[in-house]
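Following my numbering, the numbering of the sequence shown begins with 49 at its first residue and continues without gaps. Idealized CB from N, CA, C, for every residue including glycine. Below: the structure, in structure tokens.
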Amino acid sequence: MAKKQFKAESKRLLDLMINSIYTHREIFLRELISNASDAIDKLAYRALTDESVGLNRSDFAITLSADKENGTLTVSDNGIGMSREEMEENLGTIAHSGSLGFKQEMEKKEDIDIIGQFGVGFYSAFMVAEKVTVISKKFGSDEAWKWESTGADGYTITPCEREAAGTDVIMTLKKDTEDEKYSEYLSEYRIRSLVRKYSDYIRYPIRMEVETTRPTEETKDSDKPEYETVREWQTLNSMVPVWQKNKKDVTEEEYDSFYREKFYDFEKPLSVIHLSVEGAVTYKALLYIPAKAPYDFYTKDYKAGLQLYSSGVLIMENCADLLPEHFRFVRGVVDTQDLSLNISREMLQHTRELKFIANNLEKKIKAELEKMLENDREKYEKFYAAFGRQLKFGVVSEFGAHKELLQDLIEFYSDKEQKLVTLKEYCAAMPESQKHIYFAAGSSVEHLAKLPQTAMLRERGFDVLLLTEQVDEFIPQTLQKYEEHEFRNILTDDLDLATDEEKKAAEEKAEAFKDCLTFMKDTLGDKVKEVRVSTDLGGHAVTMVPDGGMSFEMEKYFHALDPKSDYHCGRILEVNAEHPLLQRLQKCVQDDAETAKKLTELLYAQGLLMANLPLEDPTAYSDLVCELIG
49 MAKKQFKAES
59 KRLLDLMINS
69 IYTHREIFLR
79 ELISNASDAI
89 DKLAYRALTD
99 ESVGLNRSDF
109 AITLSADKEN
119 GTLTVSDNGI
129 GMSREEMEEN
139 LGTIAHSGSL
149 GFKQEMEKKE
159 DIDIIGQFGV
169 GFYSAFMVAE
179 KVTVISKKFG
189 SDEAWKWEST
199 GADGYTITPC
209 EREAAGTDVI
219 MTLKKDTEDE
229 KYSEYLSEYR
239 IRSLVRKYSD
249 YIRYPIRMEV
259 ETTRPTEETK
269 DSDKPEYETV
279 REWQTLNSMV
289 PVWQKNKKDV
299 TEEEYDSFYR
309 EKFYDFEKPL
319 SVIHLSVEGA
329 VTYKALLYIP
339 AKAPYDFYTK
349 DYKAGLQLYS
359 SGVLIMENCA
369 DLLPEHFRFV
379 RGVVDTQDLS
389 LNISREMLQH
399 TRELKFIANN
409 LEKKIKAELE
419 KMLENDREKY
429 EKFYAAFGRQ
439 LKFGVVSEFG
449 AHKELLQDLI
459 EFYSDKEQKL
469 VTLKEYCAAM
479 PESQKHIYFA
489 AGSSVEHLAK
499 LPQTAMLRER
509 GFDVLLLTEQ
519 VDEFIPQTLQ
529 KYEEHEFRNI
539 LTDDLDLATD
549 EEKKAAEEKA
559 EAFKDCLTFM
569 KDTLGDKVKE
579 VRVSTDLGGH
589 AVTMVPDGGM
599 SFEMEKYFHA
609 LDPKSDYHCG
619 RILEVNAEHP
629 LLQRLQKCVQ
639 DDAETAKKLT
649 ELLYAQGLLM
659 ANLPLEDPTA
669 YSDLVCELIG
């Protein structure tokens with residue numbers, strides 16, 4: 049029989065289908081199973097009104113058969129089947145979707161969930177098969193037909209035999225090459241894994257005869273049973289996903305079990321968000337907030353995003369567009385029919401529907417975190433230890449676009465409370481006389497708590513937020529203020545705490561100490577940008593503060609990223625003019641210039657130590673201390 053030619057520029061178009069549309073060869077099994085599910089849907093729908101069908105929902109199934117000897121993989125269904133004309137139309141005309149036509153017709157009457165819409169999924173079989181044979185019998189017909197093709201050179205349709213209605217897609221797999229192992233698709237393990245990955249929630253059982261072991265009949269009740277290898281039919285898919293169930297019908301154990309199995313996390317999630325939304329965009333979602341961060345979470349290798357399903361079929365493993373970057377720690381699934389997919393069903397079109405879902409999920413996640421913060425602080429602290437840094441990144445990213453969304457979720461260590469507090473809690477505890485939010489940035493809480501400025505504010509009854517993560521310093525700059533309270537860096541900003549009398553006294557001291565300050569600056573040269581008197585040092589002689597908004601820790605951070613970086617904080621040496629050592633220095637400036645220089649170098653080194661900066665020459669410093677106290 050002469051071969052018929054494909055329609056619609058077949059050779060070029062079919063070559064495109066086979067080689068260009070799909071990025072992963074393994075996708076072919078998903079497409080064929082989805083087609084089989086659609087075929088069953090059509091007959092199942094008919095069975096609702098036609099008693100002659102004689103089948104209940106439990107009678108429908110998809111069957112997979114692997115023949116290693118002949119190198120064939122078969123996908124069978126007992127669905128509606130195809131007539132000769134439908135074979136011609138559906139398989140001989142590329143991009144004609146019988147499922148889409150059926151769906152459009154049925155939507156005039158009622159909603160019906162059909163997976164296929166493009167009519168190209170069938171041709172994905174040619175990615176792995178050198179020949180594809182389709183045997184089909186239309187329900188209600190006595191005739192069966194065989195469609196056969198080796199690819200773009202065309203196809204044949206001939207009469208054949210099939211006992212019942214339905215369709216068999218028989219793929220004769222290509223021969224293995226050095227680069228491609230097509231025979232892997234005959235492996236029971238590989239088939240099972242692909243079904244679980246892409247088609248686990250197809251609503252009809254996907255069955256396959258598999259090899260397994262079991263105790264022999266004679267020894268099954270003994271203490272030492274003997275085992276035999278047998279073949280038995282097993283259902284490979286779960287069929288009904290947790291997210292499709294009513295929330296009140298799902299137990300905590302079911303949520304946890306699904307999470308562990310799906311996301312390979314042995315620790316229970318901290319929280320579960322189960323959504324079923326109907327309206328302009330209809331979707332179901334099951335989201336989890338993990339208890340700990342994956343080992344690679346803060347690396348570029350981590351793949352964020354939710355699993356995206358369309359009618360129970362996996363479309364994308366990690367759909368990042370459904371999650372904002374600041375909530376990238378969330379794991380879960382979204383199932384919807386309302387998103388526009390590309391022709392391969394592997395990628396999304398960026399549509400209004402996608403944005404709607406993403407925005408709604410963002411609000412739900414924030415609300416869940418706020419609820420956890422308010423009602424279960426211990427659980428929230430566990431979450432924050434794992435993912436707090438990500439929330440902080442979210443505040444400062446995109447020039448603060450999300451700061452108002454996230455500012456009530458972030459926490460900092462409180463010097464007064466000796467624990468993490470939110471900005472809301474900090475402001476609520478402020479004394480009436482306090483106008484600003486005070487903070488200090490450094491390498492550790494212990495170091496920052498001992499700073500003279502921290503001690504001075506503590507004595508006044510003011511709290512100081514101790515910022516110890518590198519991202520922390522950018523947050524006050526991004527927020528600028530919270531609840532009308534501006535942020536103040538206690539190391540660089542004018543705290544403006546002195547009374548008019550104290551300010552006047554400080555000016556007089558500075559004027560009286562002017563010659564000594566000049567001497568110190570001349571001695572230290574470019575090591576410091578300025579030497580000045582400070583009234584905030586308490587009983588300390590000296591401290592070193594950065595010039596500008598960045599801390600010394602940030603300077604270290606930039607140099608760790610790029611050792612050749614020319615970023616340097618200007619160094620300002622602040623001195624306590626009333627300290628005995630500074631009084632001695634002032635006297636030596638007049639009477640003993642050499643000793644005055646040594647005392648200046650000593651004070652400079654002490655300033656470095658106070659700021660947790662490395663000494664330029666520790667040996668020289670040690671010798672200098674010994675010389676001056678000897």
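Between Ser319 and Lys332 a beta carbon distance of about 18 Å is seen, past the 8 Å cut, so the two are scored as non-contacting.
Contact check for Ala659 against Met602 fails: the beta carbons are separated by 8 Å or more. Sixteen is the threshold: since fewer than 16 other Cβ atoms of the shown chains lie within 10 Å of the Cβ of Ala415, the residue is exposed. By DSSP's assignment, Cys367 forms a beta bridge with Leu354. Contact between the segment 326 to 340 and the segment 402 to 411 is established, with three or more Cβ pairs separated by less than 8 Å.
Out of Leu647, Asp541 and Glu266, the CA that lies nearest to the CA of Lys569 is found in Leu647. Per DSSP, His322 is one residue of the beta strand (DSSP E) stretching across Ser319 to Val325. By the Cβ neighbour-count rule, Gln466 is exposed, with fewer than 16 other Cβ atoms within 10 Å of its own. The continuous alpha helix (DSSP H) containing Glu422 extends over residues Arg400 to Asn423. In the same chain as Glu236, and ignoring 5 residues on each side of it, the C-beta atoms closer than 8 Å to its own belong to Ala114, Met256, Val258 and Glu259, in chain order. DSSP, reduced to helix, strand and coil, places Gly442 within a helical segment of the structure shown. Cys674 counts as exposed, since fewer than 16 other C-beta atoms from the protein chains shown sit within 10 angstroms of its C-beta. When Val637, Leu439, Phe567 and Asn537 are compared, the shortest CA-CA separation from Gly596 is found for Asn537.
By the criterion of a C-beta distance shorter than 8 Å, Pro207 is surrounded in its chain by Glu191, Ala192, Trp193 and Lys194, once the five residues flanking it on both sides are discounted.
The beta carbon of Leu139 is closer than 6 Å to those of Trp195 in its chain, skipping five residues each way along the sequence. Here DSSP, grouped into helix, strand and coil, assigns Gln634 to helix. In the displayed model, Arg251 falls within coil according to three-state DSSP, outside both helix and strand. Non-local beta-carbon contacts of Gln282 in its own chain, meaning distances under 6 Å to residues more than five positions away in sequence, involve Val258 in chain order. Beta bridge pairing from DSSP links Tyr246 with no other residue.
DSSP assignment within the segment 164 to 210 yields the following whole beta strand (DSSP E) runs of 3 residues or more, N-terminal first: 177 to 185, 192 to 199 and 202 to 208. Contact between the segment 556 to 569 and the segment 499 to 515 is absent: fewer than 3 CB-CB pairs across the two stretches fall below 8 Å. For the beta strand (DSSP E) assignment, the uninterrupted runs of no fewer than 3 residues enclosed by the segment 211 to 240 are, from N- to C-terminal side, 214 to 221. For the segment 279 to 322, not one full-length beta strand (DSSP E) segment reaches 3 residues or more.
Tyr486 is the residue among Glu578, Thr547, Tyr486 and Asp542 whose C-alpha sits nearest the C-alpha of Phe535. Straight through space, the alpha carbons of Asn294 and Met287 are spaced by roughly 15 Å. Comparing alpha carbon positions, the residue from Glu426, Pro253, Lys296 and Val493 closest to Ser124 is Pro253. Note that the C-beta distance between Val176 and Tyr249 is not below 8 Å.
Each residue's CA atom was taken as its position, placing Asn624 and Asp349 some 51 Å apart.
Met219 is the residue among Glu622, Met219, Val378 and Leu91 whose C-alpha sits nearest the C-alpha of Gly199.
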